[in-house]
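Asks:
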Amino acid sequence: TIHLPVSQALERQDLDQLQNSMASVFGITEVYGAYLFDANGKRLSSFGVVNPTKEQATDALEQIAEGEFAQYERIRGRNVYSFFMPIFDATGQPNGLLQVTRRRSDIDRELTELKYWAWGSFGLVSLIILGVITYSHQRAIETPLQKLVESMRRVSQGDREHRAAEQGPIEISQLAKGLNGMLNAIEAAEKSEAQQRSAREQMAERLRQTETMAALGQLSAGVAHELGAPLTVVDGRAGRLLRRLENENDLKELNEIRQQAARMTSIIQQLLSFGRSSRAEFRELDVTSLIERAEALLANQGYQVTFVKGPMATIKGDSLSLEQGLINLLRNACQACPEGPVELCWEQDEKQLKIHIDDAGPGINEEQKAQIFDPFVTTKAPGEGSGLGLAIVKRILREHQGEIILSHSPLGGARFSLILPLVLTTDSGTSA
Numbered sequence: 066t067i068h069l070p071v072s073q074a075l076e077r078q079d080l081d082q083l084q085n086s087m088a089s090v091f092g093i094t095e096v097y098g099a100y101l102f103d104a105n106g107k108r109l110s111s112f113g114v115v116n117p118t119k120e121q122a123t124d125a126l127e128q129i130a131e132g133e134f135a136q137y138e139r140i141r142g143r144n145v146y147s148f149f150m151p152i153f154d155a156t157g158q159p160n161g162l163l164q165v166t167r168r169r170s171d172i173d174r175e176l177t178e179l180k181y182w183a184w185g186s187f188g189l190v191s192l193i194i195l196g197v198i199t200y201s202h203q204r205a206i207e208t209p210l211q212k213l214v215e216s217m218r219r220v221s222q223g224d225r226e227h228r229a230a231e232q233g234p235i236e237i238s239q240l241a242k243g244l245n246g247m248l249n250a251i252e253a254a255e256k257s258e259a260q261q262r263s264a265r266e267q268m269a270e271r272l273r274q275t276e277t278m279a280a281l282g283q284l285s286a287g288v289a290h291e292l293g294a295p296l297t298v299v300d301g302r303a304g305r306l307l308r309r310l311e312n313e314n315d316l317k318e319l320n321e322i323r324q325q326a327a328r329m330t331s332i333i334q335q336l337l338s339f340g341r342s343s344r345a346e347f348r349e350l351d352v353t354s355l356i357e358r359a360e361a362l363l364a365n366q367g368y369q370v371t372f373v374k375g376p377m378a379t380i381k382g383d384s385l386s387l388e389q390g391l392i393n394l395l396r397n398a399c400q401a402c403p404e405g406p407v408e409l410c411w412e413q414d415e416k417q418l419k420i421h422i423d424d425a426g427p428g429i430n431e432e433q434k435a436q437i438f439d440p441f442v443t444t445k446a447p448g449e450g451s452g453l454g455l456a457i458v459k460r461i462l463r464e465h466q467g468e469i470i471l472s473h474s475p476l477g478g479a480r481f482s483l484i485l486p487l488v489l490t491t492d493s494g495t496s497a
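Mapping of the sequence shown onto the numbering used here: residues 66 to 497, in sequence order.
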């Protein structure tokens, strides 16, 4: 601030301006003294309590020459801090020295304050940095890690559907992906094991049913064979007596005997059908012709069925066994709904034929549906059915690679649907 006016006043030897410029130094806070020397170390002007000696001024000029512009020193027994400023003339040559001193205690105090301020600033910045690091750590690492631990806890408590959020730093997201992959693999393995277990149970159940059916078949065939001959004798003897007797009551009793014998013979035939091994002769059958033959046989037995004609279709199977299956189902429907109606219709898709038999009877409840196709299970009153008809139909459908399905009928009763594979024809008209 005072370098330029002091330099100009010194160059012009203007003592008044020089004094004024030197006096202005004390406008700076806590200045202890200001001294002006010429190039030879002679003091030209001084303001302050303590004046430096000529030797000290000469030393100051030497220090400036060596590049030192400030130092601590003692001037006449007092510790001061001196700042040296060279004065140059218009040609750039040094022609003097300006020395400004301050008490060392003031400098030390300011340095101490500066040190405290620096340490305080450092501490504050450190706290801010620590806070930022802590917040960033919590947000970037601790929070995702806590979420991952929470996901593991939920899975350990049985929540197998839960999956960890794949968020956060790449290391934690990789852990979450690994956990999810492990859970998916465990779930897939459990599903596969459950499917295999279910398949084994179904296979074991089918094997059990097959063994049961085989044992029942052998038993039924043996019983039917043993009862067949005596029933034939009973029916034959009753027929001969009918031709001899004329008493009306006796004739009525004999007719009752023959009717019951015929019923027992029908049951025996069902037992034989259930028990004998299949000797089916498979050939291509026209569905319409097959159903018309079943219709004619039912009409001869006095049953009324409404036949809804369907599309032309060809299946491959045994004519006699399929007719038997249709007649069993239609007879059951007529017996369940004596007043009608009973309907038969059929439809087809690309690969299957579906024959539907509907009645308006009471239907079959849910408890009976589970066992309705088992041998000796019937919904009829005691003494009115053997419980073999539906079991025989199911066996016939199984032999033909088909199935039978029980459902609710649009007429209000039961619907039995026979599903059979169609004979597929090629473009040339030959069956495939």
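Quick reminder that beta carbons are idealized off the backbone N, C-alpha and C, glycines included.
Within 8 Å, do at least three Cβ pairs link the segment 461 to 468 to the segment 375 to 387?
Replies: Yes, the segment 375 to 387 is in contact with the segment 461 to 468.
Asks: For a test of the three-state rule: what should DSSP assign to R396, helix, strand or coil?
Replies: In this structure, R396 counts as helix in the three-state DSSP scheme.
Asks: Between N312, H421, D300 and M247, which lies nearest to Q325 when the distance is taken from Cα to Cα?
Replies: Here the closest residue by C-alpha is D300.
Asks: Does the distance from the C-beta atom of D423 to that of G478 stay below 8 Å?
Replies: In this structure, G478 lies closer than 8 Å to D423 by Cβ.
Asks: In its own chain, which residues sit with a C-beta less than 6 Å from the C-beta of W411, not counting the 5 before and 5 after it?
Replies: So the qualifying residues of the chain are G375 and I420.
Asks: Nearest-angstrom Cα distance between G367 and L387?
Replies: Answer to the nearest angstrom: the Cα atoms are 20 Å apart.
Asks: For the candidate residues A364, L240 and V352, whose alpha-carbon lies nearest to that of I484?
Replies: Nearest option by C-alpha distance: V352.
Asks: Are the beta-carbon atoms of F438 and K416 separated by less than 8 Å?
Replies: No, these two residues do not count as a Cβ contact at 8 Å.
Asks: In the structure shown, what three-state DSSP assignment does M377 receive?
Replies: Coil at M377, not helix or strand.
Asks: Under a three-way DSSP split, which group does A435 fall into?
Replies: Three-state DSSP puts A435 in coil, outside helix and strand.
Asks: Do the CB positions of L499 and R219 come within less than 8 Å of each other?
Replies: This structure cannot settle anything about residue 499, because the visible part of the chain is limited to 66 through 497.
Asks: Rounded to whole angstroms, what is the Cα-Cα separation between G196 and F187?
Replies: Each residue's alpha carbon lies about 14 Å from the other.
Asks: Where DSSP assigns a beta bridge to I193, which residues make up the other side?
Replies: Bridge partners of I193: none, in fact.
Asks: Take the Cβ of P209 as the centre, count every other Cβ of all protein chains shown within 10 Å, and call the residue buried at 16 or more, exposed below.
Replies: The residue in question, P209, is buried, as its Cβ has 16 or more Cβ neighbours within 10 Å.
Asks: In the DSSP output, what is Y200 paired with across the bridge?
Replies: According to DSSP, which records beta bridges pairwise, Y200 is partnered with nothing at all.
Asks: Considering only DSSP beta bridges, list what C410 is partnered with.
Replies: Bridge partners of C410: V373 and H421.
Asks: Per DSSP, which residues does D351 bridge with? Please list them.
Replies: For D351, which the question treats as bridged, DSSP gives the partners T379.
Asks: Pick helix, strand or coil for A479, following the three-state DSSP scheme.
Replies: Note: A479 maps to strand in three-state DSSP.
Asks: From E133 to I198, what distance separates their C-alpha atoms?
Replies: Low per-residue confidence applies at E133: pLDDT is 45, beneath 50, and the placement is therefore not dependable, though the value from the model is reported in the following sentence. If I take the Cα positions, the gap works out to 44 Å.
Asks: Quick one: is E408 buried, meaning 16 or more other Cβ sit within 10 Å of its Cβ, or exposed?
Replies: E408 comes out buried.
Asks: Quick check: what's the CA-CA separation for Q260 versus E360?
Replies: Rounded to whole angstroms, Q260 to E360 spans 44 Å at the Cα level.
Asks: In whole angstroms, what separates the C-alpha of A435 from that of P427?
Replies: Cα to Cα, the separation comes out at about 17 Å.
Asks: On the three-state DSSP scale, how would you describe I484?
Replies: Three-state result, I484: strand.
Asks: If you reduce the DSSP assignment to three classes, tell me which class L489 lands in.
Replies: Note: L489 maps to coil in three-state DSSP.
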